[in-house]
Structures are given as structure tokens and as C-alpha cells.
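Asker: In my numbering, the protein residues as written are 167 to 1185.
Ideal Cβ positions, reconstructed from N, Cα and C, are used throughout, including at glycine.
Bear in mind the structure is a predicted one, so any value in this text is a computation, not a measurement.
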């Protein structure tokens, strides 16, 4: 043997090289008889004879080494001489090694990448919107089975080439999942299920059902409730079906939007039998035929699985659609040794079972090529990409956002209804709401003007004085960087917006929703993915325990089936609770109507805690009337704002845009210029709408010149409309009916509103709940049920028109309408001043008990005449009493002039002044104005300043009288106060100021000029 080895030709160094790769212990005694007598090198002979350890040869480090070793074996058989028998064996060795060469390499790769049935995350982008879960086939390496070896030139169509463990940089491999799908679907979370499906060596004794259960467990452990698209190649498709048909798979099936089967043998494959035979023959290598036999043609287990799968993916009560299925099948035969055809591994009839109509696609490839793509231009990849695009379903979060946007934020919900009944879509609401920062926000603006002016004027009380435009905040930019409370720069996230009734807080919410859903405001779109508008009043009466999930379900998804609605609410909650900035901080709450639930803070119950949770959200806008306060234990606000209605130029734009008013806009503007109080009030949107609606009914020669007169005209016009809505008159009858006829027709409804208004004003009730209505329903005999009657009245609004009539909470168009009707009730009870009727307190919520109620109207006046709460109420009472007769109004002022008096006097003078502004003729007017003039002079001399002179209600004659009698210094004080005010002066007062331009004192002349310069009605 040594001589034979020494005579080995030098041109065959591979024989020597082979020994370098084989290292086994000397086992000569167990040599194969077939090789006995053949002179072989000792080490090589011992290795060859170890047939029981054939796997040692499968561990050669490269395919080149395998080739050299094979040739060494063949040559030794030839030169060893066994005649034809040796040559035949040599040929067999070469052919077998050549055939097994790819298999040897694959087996080696599998041995180097142990798998235990895990989902490997290949791509996990922030904000992923769906998942792709890929499952490889039988005997495949989880990495290489999805790759295609290609030249460097073709890699430019996909991602930058990278060297892999088995693909060097000069021969890169393109990974279907990572390099192609990851590039074209950047919002996809891509996972690959790596499981051991070997059958030739080291094969696990596992069934496809066991592997499917493993896949299901992995999905549940790593799922993110996103829509799933499965991709299964060959056996991988069977594994997917087993997972979806397993117990407790309902949620995963519900999340499955589609499946792509790549050559999956749904009805089996005839090739599996041949493979099973080979596995049996090579059992000594650790082969197992379990998986192969489960794939034989028309196997009963596959048929049963197909039936279960069809039931699993069919539409159900909880899922309204069938899971979409797309199937690809091979059209080329598979070849062994490059020339031996074994046909198509999975025939078409087996591959397209359960595919959707027109979703059976033949691919010009053999079975192993169905999951490999050369690049983005590869035809298979184009078809696969299109298939995923068709299967792509929105995530539950995307579905939730879409339902809120399309089904909750409907045009009907966002429309603004005018008093005329005409509804305007939000995109036609051309007036922007003006917002100003409050003085205590630390914005660096001084409040000199505010401290110098009286805070007791009607305009200041209604928060409709023209603000300093330097403090104006554009609604579209309220989240922009600005100076915070401590002087540093902040990006506000928690904002409170206050505003009085009728000034447009709910309209503000609707506008925000409208603009956000249309992407109008770029800053908002950059910061938030969704806006959740929550009218807080709707939370009243909801049963606890309550949480965000229930809120989302009740508010946005209650119209859906239970499972669907709960799933969407859960997805929304998950996004809110997500710790990542992409989701957790991109939800903006708009909490509308804090004042309507502010009474809940002191209750230690579940709803109180839930409200505090809402108010403590990271991104929130809270709207409220001025009187509401926040609980102390919630995070601080970043910014506090105040809605103030229209600016004067916006009032003009509103008038110009009204087609009915536009022809008369000059007359309306002239009227507003002459009536300073009305000019201020119409800056409240609802008041301006009321003026426009009733303008055509005004007598041009007798246009009302007091607030009471304007409201009386508006109310008469609205009752004419409501008489028709209540079924009391026809449209034609209402058009020709006199005011007295209208009043007689709706007298019961008028009395109802008057009683409701007064009791609401007394008990500080703005929103009238079903409980309030229960206390009043028996007092009035109505033609229609109370709730239906209220729903038809133009004076009332409900913030939730879609709710049931008996569940609604009503409020007046504006607080001043409630005060007007309350004043009408008081005037009815006042009578002629001698025969008064007692006041009826229905709600009786004030402290002190029923015995302490001021049922006598005169007693009520004496008790509350100085209360700021009743300031507008007393104005209306004075105006309405004048219409009742001279005796009634005179008795009213006489009662005012009786004790008790305020200790210092200004509060009393202010009350007189406010009531006089609503009265045209009064016998004691001159004496009252003279006393006001004296108080004005006294104030100037005592304090060196004047608040009375800044008030618009100060009678012009009292002002003129004070200017005549004041000293030079007193005149300067009065003129400066007038200059700082927003009042419009009468022509006689303007003439008096013009005369002071010639005063002997320079400071008087300068102050007079400054005051005149601030009058907008001067040329």
C-alpha cells in the first residue's frame, strides 16, 4: 500500500490534499469489506471505511474541498485495481457526490444555524402599520431560502449589496424579505419564522401541526395587534394553516388580512413519497419521513386541514370578511443533477386550493425559485409586491382613526346652524375666532389698559371689549413656541380656553376638528395623528367604573358590533398608552365644557377620578366658561387663553357675507355706530346672527336704541318662527300675524321659558338637565311633551343634537337671553308695584332653606341689587318695566333708592347708571344724572383718577356737566379716562370736547385732543 501511494502521479495532488481535510482515529479493524485488499493511504482508508460516520464527510469546510476529496476517492478506486468493478464504483462515487454536493452545502449551513421555532424580526420601523410574517418550506435554511445569488450589476435595483455568511461581497445575495420587501414597504414589520424542517439529517420528529402551534405561540408573544400578511413557501403554507386552525387563534385570525401561498401543497405532492423512501434509506444519517409523508398526494390529514381552514378564514360574526388568499404555483419542472426531471413538485391543482377568484398566478420558475427574486424588476417580485399591496389592510388604529374622521366627525355634526335654520358647513364659516392670552400668563405683556378701565361695564363683564391685538393668538399656531409662565420658552401642550356662553367655544372645537381632519394646519399635523373631541357633559350619568377604553367605545364606536367596537377602542387605547413618541404623544384631546362637570371634583367616586385622568392628559385643550375651576391635583397648564368673539372688522366681514344683509349693510353699520352697547354685543357670534335675522323686521324710523329694545325685537321674530315649529300656526299665518297674536299663540311656552330662566339664574343653572325639567313639567299644560317642546324652541340649544330628547341638556343661545327671559318673569311678578305676585322658586337650591327665600319681588330687589350676578338682569328689568308704564318704572327706581345702600357709594351709582342706560323717559332722570355727575367729581378729587368716566353707560349729560364744573386738573383726569375707554360719545359730548381744545390749560387741550382722536366715528 505504501508503494502504491508513493507511485501516485504528481498531476493528481488532489489525492494528497484530500488527506488534509480528513482526520479520523485509526479504525482499520472496522474497514469495509468492499475496500479490503485495496491499497489506500491509512488515514484515508480508515475514513472511507467509516460508513457509519458518513456525516464526517458532510462537514468538509467548502464545496471545493468536497470536489477534491471526491476525485481522490474515484482515482484511488481506479488505480487500486478491481477491474471493471473499480471503475464502476468510481463513476458511482463521482455521480453521487456531484448530486449530493448542493445538499451537503445546505446541510452544513443548517448545522451552523440552529433553530428552535422562533420569529426573527427583520424589520421593525417606528409607526409600523402592518406585519409580514414569512414561513419557509421543507428542509430549507431560513436565511438562504429567501435569497437569490446575483451579479453585482443587478444589485443596484435593490438595497446596497452586503456580504453574508455564504455570499461574499463580490457575489452578493438579494434577500426577498429584508432587501426587497423591506425597501418597498417601509411601514411593514417583517418577521421570519425560523423552524427546523430538516428531513435528511438531524431531522426533528415533529408534525406540521406542532410547528404550527409553535408559530402561533411566537406570534402571540411578539404580535402588536397590527394586520398580518402571511407568506408561506411550500410546507410553510401548511404550517400557517395549522397555526390559524389551532385553538386560541381567533385574535390572530382576526388580525390576518391575507395570505400568500408560494407553491403550497394543499392537496399534497407525489414527490414526497420518493423523498420519504430516500429518508428511510438514509435513516442512519438521522433522517425522518414524518413531514414528508404528511405531504403525500390527497392525504387525509391535508383534506381535513383544508376543511378546517376554510371554516377558519370564512366570514364570521366577529369578522365581516373572508381572509384574502393569493396563490402562486410553479410552471417549470424540477431537475436533479441538472438533467433528471422529477416534474413539478407541487402541481397547479394542489397549489391553488382556496385561492380567491382571479388570484391564481403561475410563475415561470421551479419549486425552489418561488421564493427567490433577483431584484425589484424581477417579474415574480413585481407580482408578489402587487399581491401584498392588494392584501394590505389598514391597522386597527388606522381603522379607528378613519371611523372617527369619517363617521363621527360628519358634516352634520360639524355644521353650524344659524337662527334662521340655515346650516352652514364648517368650511363656509369664514370668520376666524379671535383668542387673546390672559394677563396672568406671564407672557411679558403689561396690563395697563386693563387696570385703568372699569371691570364693571357690560362689555367687560361679557368679555367682549376689543382686546389688545398684541396679545392675539392665532388658533392655528397655539402650539408654537412661546414664552411660558416662568419667562422661558415652551411648546404648549396643555391649554385652557375660557369663554362666555355664545362666544363660540363649541364652534371653536368644531373648527379645530374641521381644520385638522383636512390637514389645513401644518403645525397640528406635525404634532398629532388624531384629535379626540370629548363633550364632557356626555359623561354625566354614565355608569362606572369608567376608563378610557369605555369612553372610546361609547363615544366613537358604539354603532359597531361589540367585538369590532371593542377592538378599535383597544387599538386607540394602545396608541395612547404607547411609550414611544411616535404613538404615545400624538393624540390630542379636546375636552369641551369643563364648567358642566366642575361639580364632580368633590365627589370621591370613579367618574371623578376618570375626569381628572382626562384633564391630566399630555396633550389637551380644555374649554370652559369663566366661572369653572380645575381640580388642584392635575398637572399645571402651559397656556390659558380666552375667546372674545369677533373683532370689529370681522363683524363687517360677517355682514358683507350674509346675502340678506348685504344690501342693507350700510344701514346696519350706521345703526351700530350710533349704538355703542349693541356694537359691542354683536361681537358675540350668536348676537350678531340674531341681529341679522331680525333686521328686516325693524321699523327704519324706530330702530331700538337700548339693549332691551333690541332683545325684545329679536325675541318677537324668533317666536314667530317657533309658532310654526310648534304647530301653533302655519307659515303663511305667522308671516301676517301681529306681535300680540304671536304672543297669545305661544303664551304657555313663553311662561315656561320665563320661569325656567329665572329659576336657573337664581340657582346659577346654565344647563337644564332632565332633573331640572322634571321639576317644572307639571306647572305648564303644553300641547307637546316638554322635551319635544324645548327641542323646537329657537332660544335653546343642546350640545348633543344626536342624543335622545329625554337625555339632552339644554342651554340658552346666550346667557343674556336667559337673563332677558328671567327679567320678563320678574316684571310679570312685579305688577304695578302695589299688587305684586310672589316669586316661585322651583329648584330651591340656595342655602338658608325655603323660609329664607325672597318671594316678594321688592325684597328680592333689595337683597340682590348690588350683586354682579344680576347686573344684566336689572338692566333688562328696567327696560321692560318702562314698557309697562311710568308708574312701574318709577316704583322700581324708588325701591333702588331705598336702603340698604353700599357703604362707599360707587356700587350704588353704578347700578343706577346701568339701569338708566335702558330707560328713555324717566321723571327723576335729571336728578339721578346730576348725582352721577357729583360722584364723578368726588371720585376725581379723592383719588386723582376716575373709573366712572371709563364706563360706556355713564350718561352723556352727567359727563358734560362734570367737565364744565371740574377744575383744570379734574378735566384732565376725566378726559384721560374717556380717552382710555371704548365708549362712543354722543354728538353733544363731542362738541363739548371740541370746545376744550381752546381751554386755557395746555394739559386740558392735549387731553381733549387725545380723547377725540380715539373716537372711531370721527372722520
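Of the choices 930, 377 and 874, whose alpha-carbon is the least far from that of residue 360?
Answerer: Closest by alpha carbon: 377.
Asker: Is it a yes or a no for the segment 799 to 811 touching the segment 733 to 747, going by three-plus beta-carbon pairs under 8 Å?
Answerer: As far as the Cβ criterion goes, the segment 799 to 811 does not touch the segment 733 to 747, which means the pair count is below three.
Asker: For the candidate residues 1101, 1030, 1051 and 1082, whose alpha-carbon lies nearest to that of residue 1066?
Answerer: The shortest C-alpha separation from residue 1066 is found at 1030.
Asker: How would you write the range of the alpha helix (DSSP H) that residue 857 sits in, first residue to last?
Answerer: 851 to 860 is the extent of the alpha helix (DSSP H) around residue 857.
Asker: Roughly how many angstroms lie between the CA atoms of residue 333 and residue 529, to the nearest whole one?
Answerer: At residue 333 the pLDDT is 40, less than 50, meaning the model places this residue with poor confidence and gives no usable figure here.
Asker: Could you tell me if residue 886 is buried or exposed, where buried requires 16 or more neighbouring beta carbons within 10 angstroms of its beta carbon?
Answerer: Residue 886 should be labelled buried.
Asker: One question on the structure: do residue 1118 and residue 1149 come within less than 8 Å of each other, judged by their Cβ atoms?
Answerer: Cβ atoms of residue 1118 and residue 1149: closer than 8 Å.
Asker: Hey, residue 664 and residue 814 are a contact pair by Cβ (cut 8 Å); roughly how many whole angstroms apart?
Answerer: With a Cβ gap of about 22 Å, residue 664 and residue 814 do not count as contacting.
Asker: What residue ranges within the segment 975 to 1011 form continuous alpha helix (DSSP H) runs of no fewer than 4 residues, ordered along the chain?
Answerer: Within the segment 975 to 1011, the complete alpha helix (DSSP H) runs of at least 4 residues are 981 to 996.
Asker: If you follow the alpha helix (DSSP H) that residue 505 is part of, which residue opens it and which one closes it?
Answerer: Looking at the DSSP string, residue 505 is not in any alpha helix (DSSP H), and its letter there is neither H nor E.
Asker: Under a Cβ-count criterion, where at least 16 other Cβ atoms within 10 Å of its own Cβ denotes burial, should residue 186 be classed as buried or exposed?
Answerer: Because the pLDDT at residue 186 is just 34, under 50, the model does not fix this residue reliably, and the value given afterwards should be weighed accordingly. That one is exposed.
Asker: In this structure, how does DSSP classify residue 197 when only helix, strand and coil are distinguished?
Answerer: Residue placement at residue 197 cannot be trusted, given a pLDDT of 37 that sits under 50; what the coordinates show is reported in the next sentence. Three-state result, residue 197: coil.
Asker: For residue 1055, which residues from the same chain have a beta carbon less than 8 Å from its beta carbon, with the 5 sequence-adjacent residues on both sides left out?
Answerer: Excluding residues within five positions, the ones whose Cβ falls inside 8 Å are 1044, 1047, 1048, 1085 and 1088.
Asker: First and last residue of the alpha helix (DSSP H) that includes residue 1104?
Answerer: Here the alpha helix (DSSP H) through residue 1104 covers 1091 to 1109.
Asker: Does the segment 922 to 934 touch the segment 988 to 995, meaning 3 or more C-beta pairs lie closer than 8 Å?
Answerer: They touch, by the three-pair rule.
Asker: Let's see if you can read the secondary structure: which residues bound the beta strand (DSSP E) around residue 341?
Answerer: Where residue 341 is concerned, the enclosing beta strand (DSSP E) stretches over 339 to 341.
Asker: Are the beta-carbon atoms belonging to residue 1095 and residue 1121 less than 8 Å from one another?
Answerer: Their beta carbons are under 8 Å apart, which means residue 1095 touches residue 1121 by this criterion.
Asker: For residue 752 versus residue 694, is the C-beta distance shorter than 8 Å?
Answerer: Going by C-beta atoms, residue 752 is nearer than 8 Å to residue 694.
Asker: Between the beta-carbon of residue 850 and the beta-carbon of residue 875, is there less than 8 Å?
Answerer: Contact flag unset, no.
Asker: If you follow the beta strand (DSSP E) that residue 140 is in, where does it begin and where does it stop?
Answerer: Residue 140 is absent from the model: the chain starts at 167 and stops at 1185.
Asker: Taking Cβ positions, are residue 715 and residue 772 nearer each other than 8 Å?
Answerer: No.
Asker: Any idea what DSSP makes of residue 1079, helix, strand or coil?
Answerer: In the structure shown, residue 1079 sits in a helix (DSSP, three-state: H, G or I).
Asker: Mind checking who residue 490 pairs with in its DSSP beta bridge?
Answerer: Residue 490 is bridged to 424.
Asker: Can you name the start and end residues of the beta strand (DSSP E) that residue 699 belongs to?
Answerer: 696 to 701 is the extent of the beta strand (DSSP E) around residue 699.
Asker: For residue 791, does the three-state DSSP call read helix, strand or coil?
Answerer: Here residue 791 sits in coil by DSSP.
Asker: Compare the Cα-Cα distances from residue 534 to each of 646, 312 and 421 and report the closest residue.
Answerer: Residue 312 is the option with its Cα nearest to residue 534.
Asker: Counting C-beta neighbours from all protein chains within 10 Å, is the total for residue 656 16 or more, i.e. buried, or is it exposed?
Answerer: Answer is exposed; the Cβ neighbour count stays below 16.
Asker: Leaving out five residues before and five after residue 1176 in sequence, what residues of the same chain have Cβ atoms less than 8 Å from its Cβ?
Answerer: Result list for residue 1176: 1141, 1142 and 1145, in chain order.
Asker: Along the beta strand (DSSP E) that carries residue 299, what are the first and last residues, could you check?
Answerer: Element bounds for residue 299: 296 to 301.
Asker: Measure from the alpha carbon of residue 408 to the alpha carbon of each residue in 392, 769, 1052 and 430, then state which is nearest.
Answerer: Out of 392, 769, 1052 and 430, 430 has the C-alpha closest to the C-alpha of residue 408.
Asker: Quick check on the burial criterion: 16 or more other C-beta atoms within 10 angstroms. Buried or exposed for residue 505?
Answerer: It is exposed - the Cβ of residue 505 has fewer than 16 other Cβ atoms within 10 Å.
Asker: Report, in whole angstroms, the separation of the C-beta atoms of residue 354 and residue 298, which I expect to be a contact under 8 Å.
Answerer: Contact holds; Cβ gap of about 5 Å.
Asker: Using only CA atoms, which one of 697, 891, 727 and 642 lies nearest to residue 689?
Answerer: Closest by alpha carbon: 642.
Asker: Kindly indicate the opening and closing residues of the alpha helix (DSSP H) around residue 1055.
Answerer: Element bounds for residue 1055: 1052 to 1062.
Asker: Can you tell which of 350, 479, 935 and 428 has its C-alpha closest to the C-alpha of residue 410?
Answerer: Answer by Cα proximity: 479.
Asker: Measuring straight from C-alpha to C-alpha, what distance separates residue 817 and residue 848?
Answerer: Those two C-alpha atoms are separated by around 8 Å.
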